[in-house]
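Only one structure is covered here, and it is reproduced in the block below.
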Amino acid sequence: MKYSRVAITDKAVEVLNLLKKKHGELIFHQSGGCCDGSSPMVFEEGEMYLDESDILLGQLEGVNYYMNQDQFEYWKHTHLTIDLTKGRGSSFSLEIPLGVRFIIHSRLLTDEENKLFNKN
Amino acid sequence: MGYSKPKFKTKYGNFINGEFVAPVGGQYFDNTSPIDNSLIAKYPRSQKEDVENAVAAANAAKEAWGTTSATERATLLNKVADIIEANLEEFALVDTCDNGKPIRETLNADVPLSIDHWRYFAAVIRAEEGSATELDANTLSMNIKEPLGVVAQIIPWNFPLLMLSWKLPPALAAGNCVILKPAEQTPSSATLLLEKISEVFPPGVINVIHGFGPEAGKPLASNSGIDKVAFTGETTTGQLIMQYASKNLNPVTMELGGKSPNIFFNSVMDKDDAFLDKAIEGAVLFAFNQGEVCTCPSRLLVQEDIYDAFMEKVVARTNAAIQADPYDVNTMVGAQASNDQYEKILSYLKIGKEEGAKVLAGGAACKLEGTLSNGFYIQPTILEGHNKMRVFQEEIFGPVVAVTKFKDEADAIAIANDTLYGLGAGVWSRDAHQLYQVPRAIKAGRVWVNCYHAYPAHAPFGGYKKSGFGRENHLMMMNHYRQTKNMLISYDKNKLGFF
Numbered sequence: 009m010k011y012s013r014v015a016i017t018d019k020a021v022e023v024l025n026l027l028k029k030k031h032g033e034l035i036f037h038q039s040g041g042c043c044d045g046s047s048p049m050v051f052e053e054g055e056m057y058l059d060e061s062d063i064l065l066g067q068l069e070g071v072n073y074y075m076n077q078d079q080f081e082y083w084k085h086t087h088l089t090i091d092l093t094k095g096r097g098s099s100f101s102l103e104i105p106l107g108v109r110f111i112i113h114s115r116l117l118t119d120e121e122n123k124l125f126n127k128n
Numbered sequence: 267m268g269y270s271k272p273k274f275k276t277k278y279g280n281f282i283n284g285e286f287v288a289p290v291g292g293q294y295f296d297n298t299s300p301i302d303n304s305l306i307a308k309y310p311r312s313q314k315e316d317v318e319n320a321v322a323a324a325n326a327a328k329e330a331w332g333t334t335s336a337t338e339r340a341t342l343l344n345k346v347a348d349i350i351e352a353n354l355e356e357f358a359l360v361d362t363c364d365n366g367k368p369i370r371e372t373l374n375a376d377v378p379l380s381i382d383h384w385r386y387f388a389a390v391i392r393a394e395e396g397s398a399t400e401l402d403a404n405t406l407s408m409n410i411k412e413p414l415g416v417v418a419q420i421i422p423w424n425f426p427l428l429m430l431s432w433k434l435p436p437a438l439a440a441g442n443c444v445i446l447k448p449a450e451q452t453p454s455s456a457t458l459l460l461e462k463i464s465e466v467f468p469p470g471v472i473n474v475i476h477g478f479g480p481e482a483g484k485p486l487a488s489n490s491g492i493d494k495v496a497f498t499g500e501t502t503t504g505q506l507i508m509q510y511a512s513k514n515l516n517p518v519t520m521e522l523g524g525k526s527p528n529i530f531f532n533s534v535m536d537k538d539d540a541f542l543d544k545a546i547e548g549a550v551l552f553a554f555n556q557g558e559v560c561t562c563p564s565r566l567l568v569q570e571d572i573y574d575a576f577m578e579k580v581v582a583r584t585n586a587a588i589q590a591d592p593y594d595v596n597t598m599v600g601a602q603a604s605n606d607q608y609e610k611i612l613s614y615l616k617i618g619k620e621e622g623a624k625v626l627a628g629g630a631a632c633k634l635e636g637t638l639s640n641g642f643y644i645q646p647t648i649l650e651g652h653n654k655m656r657v658f659q660e661e662i663f664g665p666v667v668a669v670t671k672f673k674d675e676a677d678a679i680a681i682a683n684d685t686l687y688g689l690g691a692g693v694w695s696r697d698a699h700q701l702y703q704v705p706r707a708i709k710a711g712r713v714w715v716n717c718y719h720a721y722p723a724h725a726p727f728g729g730y731k732k733s734g735f736g737r738e739n740h741l742m743m744m745n746h747y748r749q750t751k752n753m754l755i756s757y758d759k760n761k762l763g764f765f
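For the protein sequence lines, the chains are A and B, in the order given. Its first residue numbered 9, the first sequence is counted upward by one per residue in my numbering. Its first residue numbered 267, the second sequence is counted upward by one per residue in my numbering.
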């Protein structure tokens, strides 16, 4: 069985594919902080400056999902599933004009997953 | 006494160069009320062209506006304050409708505070002075503050008129022209304001653009015709805006939220008096504005020897909060601002429970009757756990507090500072030493001492750590919107003697 820290629902994949057609290669970045924080945001690849402080959580439908290292320290024991809801976030995330918003559902990693991902 | 949904037009325009104009592309979006998910009105779905028109208008106006006297600018700021004050109820109703917050708060907090911020900056520019220093008998160094020129301001949806009133007055008072982008969830009070003050400022001084972040916000933040960006929001967008600003070598100010600790030392329970009553209220302020405040006291730290007795009172006070129709003046907790916020908060309640947090109050959505059943309501919720849980570390932006115990001062400070953010904090005690030493040890830009959630003009507000930088609500903010012209003047008639 293949393990991953992240997953995506069919509803979210549909919108992600729509955005790929329009914008080309994409990335997800997990935001923190005020207002629309704590939500996954999707941008064109290259839009956001990434470096070694951005942890690659995994790949969804060929789209890399990153989170800042500081934030990752508190999130690393959880599994994230990107889903879709109606709504209107006010960030630069590309799905917003469609009247939908990516959101995350979280669960704790299983013991097995934890052993695999968080060796320390 | 109760209110009801205010009347709106079918659709509104952008405000560019002194008049309301339709978006160039002719596209609009539906703005809805989170109270009952009903339509409010259509607002422009602006694109790059609209932003460019606004930037051009602001640039055309900046020379004349930048050289107006402080007296003139102060008079106009005061005029805006008077106009808002004369229409206080109308502004309160519009923000309640757009945001979902109780009318009690918009009438008594959002709108009166907004008025005062306009008056404060009107007063500041009449009182402040530049500086001059005689460097030697013949040399004078004179510092004159000059406006940056054109400022872009991107504001959030949690306090629509108040965030506008934190941002616009200092920028205008400093002599800048502004392009303001209200959040797409709450475009109404900015529009109402511009309808009422359309004649107050010369064309191009204030411009308001509506629309979505990727379509209007990004072209605004990255436009080479602006000289500064001020932003309130979350960290990823903050980073992007700084990137765009770096291309133009523009300054930015950022207010990016927090996970603010509210610390209660055991002495608060030494007496059962008015102060204890105030402290209990201070702990329940996590539910103020449905928790949609960057400084929401969302981590409650209580000393272990008073924990059970104190929390019993906090839980009782929380459970007594009235959550009902936001238009009813008795309502204390209203609707979350949008469906996606509502869904996000519910997903945090789920992960909180999964991580082992114990639900002491609330813990679920709140189902209201009638048309309100279409709105987005969440019960004020208290989760008991430890500081490493995600509900203790992430800004949920809902009426949710995570509570934990601490042993002593050192423990309280360690827990308080164990966060990525540093915007606000609260310290409650009857011990005079603690009241000074603990706030000094907390890494946050605002520490409320024996109070919380007060935001008066003239008290600087801004973040440490990942909560951003810049200090709003204070004359300090003026310098984030200005540059210093140093005139170095020689009164010496004699040459240097080098050539």
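Quick reminder that beta carbons are idealized off the backbone N, C-alpha and C, glycines included.
Measure from the C-beta of residue i to each C-beta in chain B and report whether the shortest distance is under 9 Å.
i: aspartate 78/A; result: yes
i: arginine 109/A; result: yes
i: threonine 86/A; result: yes
i: tyrosine 5/A; result: What is shown of chain A runs 9 to 128, which leaves residue 5/A out entirely.
i: isoleucine 90/A; result: no
i: isoleucine 63/A; result: no
Does any CB atom of chain A fall closer than 9 Å to the CB of residue i?
i: lysine 478/B; result: Per the sequence presented here, residue 478/B reads as phenylalanine, with lysine not at that position. True, the Cβ-Cβ gap to chain A drops below 9 Å.
i: glutamine 700/B; result: no
i: phenylalanine 727/B; result: no
i: leucine 506/B; result: yes
i: glutamine 589/B; result: no
i: leucine 427/B; result: no
i: glutamine 749/B; result: no
i: glutamine 509/B; result: yes
State the DSSP-derived secondary structure class of residue i, mapped to helix, strand or coil.
i: histidine 476/B; result: coil
i: proline 289/B; result: coil
i: histidine 113/A; result: strand
i: phenylalanine 100/A; result: coil
i: proline 435/B; result: helix
i: leucine 522/B; result: coil
i: proline 310/B; result: strand
i: glycine 636/B; result: helix
i: glycine 776/B; result: Limits of chain B in this structure are 267 at one end and 765 at the other, which puts residue 776/B out of reach.
i: proline 413/B; result: strand
i: valine 321/B; result: helix
i: methionine 753/B; result: strand
Do you know offhand how far residue i's Cα is from residue j's?
i: asparagine 365/B; j: proline 448/B; result: 12 Å
i: isoleucine 463/B; j: cysteine 363/B; result: 21 Å
i: lysine 633/B; j: histidine 87/A; result: 29 Å
i: methionine 598/B; j: glutamate 121/A; result: 43 Å
i: glycine 499/B; j: glutamate 521/B; result: 6 Å
i: tyrosine 74/A; j: glycine 54/A; result: 13 Å
i: histidine 85/A; j: arginine 706/B; result: 33 Å
i: proline 592/B; j: proline 453/B; result: 19 Å
i: proline 726/B; j: methionine 743/B; result: 8 Å
i: glutamine 659/B; j: arginine 339/B; result: 43 Å
i: alanine 330/B; j: proline 469/B; result: 11 Å
i: glutamate 355/B; j: asparagine 126/A; result: 55 Å
i: serine 114/A; j: glutamate 620/B; result: 9 Å
Name the chain A residues that come within less than 7 Å of residue i, Cβ to Cβ?
i: alanine 449/B; result: Ser98
Could you work out which residues of chain A lie near residue i, taking near to mean beta carbons separated by less than 9 Å?
i: aspartate 424/B; result: The sequence shown places asparagine at residue 424/B, rather than the aspartate named in the question. Under the 9 Å cutoff, chain A gives Cys42 and Cys43.
i: glutamate 650/B; result: Ordered by position in chain A, no residue passes the 9 Å Cβ test against glutamate 650/B, which lies about 18 Å from the chain.
Could you work out which residues of chain A lie near residue i, taking near to mean beta carbons separated by less than 8 Å?
i: lysine 484/B; result: Phe100
i: threonine 503/B; result: Ser39, Asp44, Met49, Ser99 and Phe100
i: glutamate 371/B; result: Near glutamate 371/B there are no residues of chain A at all, since even the closest Cβ is about 18 Å away, more than 8 Å.
i: lysine 732/B; result: Gly40, Gly41 and Asp78
What does residue i touch in chain B if you count any residue whose Cβ is under 7 Å from its own?
i: threonine 93/A; result: Asn605, Asp606 and Glu609
i: arginine 13/A; result: The premise fails here: arginine 13/A is roughly 14 Å from chain B at the closest Cβ pair, so nothing lies under 7 Å.
Tell me whether residue i, by its Cβ, gets closer than 8 Å to a heavy atom of the ligand SAM.
i: valine 466/B; result: The ligand SAM is not part of this structure, which contains no ligands at all.
By the criterion of Cβ-Cβ separation under 8 Å, what are the contact partners of residue i in chain B?
i: isoleucine 16/A; result: Within 8 Å Cβ-Cβ: nothing; isoleucine 16/A doesn't reach chain B, min ~15 Å.
Open item on the list: Give me the subset of the region 298 to 323 of chain B whose CB atoms are less than 9 Å from a CB atom of chain A, sorted by chain position.
Closed with: Cβ contacts with chain A come from Thr298 and Arg311.
Task: Residues of the region 35 to 55 of chain A with Cβ closer than 9 Å to any Cβ of chain B, in chain order - done: The residues in question are His37, Gln38, Ser39, Gly40, Gly41, Cys42, Cys43, Asp44, Gly45, Ser46, Ser47, Met49, Phe51 and Glu55.
Task: Contact residues within the region 637 to 648 of chain B, judged by C-beta distance below 9 Å to chain A - done: Cβ proximity to chain A below 9 Å picks out nothing from the region 637 to 648 of chain B.
Open item on the list: Beta carbons nearer than 7 Å to chain A: which residues of the region 555 to 570 of chain B have them?
Closed with: So the list reads Cys560, given in the order they occur along the chain.
TODO: Using a Cβ-Cβ cut-off of less than 8 Å, give me the residues of the region 656 to 672 of chain B that come near chain A, in sequence order.
DONE: Result list: Arg656, Gln659, Glu660, Glu661, Ile662 and Phe663.
Open item on the list: Under 8 Å, CB to CB, which of the residues in the region 111 to 125 of chain A have a partner in chain B?
Closed with: Going along the region 111 to 125 of chain A in chain order, one finds Ile111, Ile112, His113, Ser114, Arg115 and Leu116 with a Cβ nearer than 8 Å to chain B.
- [ ] Taking only beta carbons into account, state which residues of the region 488 to 499 of chain B come closer than 8 Å to chain A, listed in chain order.
- [x] Correct list: Thr498 and Gly499.
Open item on the list: Short of 8 Å Cβ to Cβ, which residues in the region 522 to 539 of chain B face chain A?
Closed with: Taking 8 Å as the Cβ-Cβ cut-off against chain A, the residues of the region 522 to 539 of chain B that qualify are Leu522, Gly523 and Gly524.
- [ ] Check each residue of the region 339 to 368 of chain B: if its Cβ is closer than 7 Å to any Cβ of chain A, include it; give the result in chain order.
- [x] Cβ contacts with chain A: none found.
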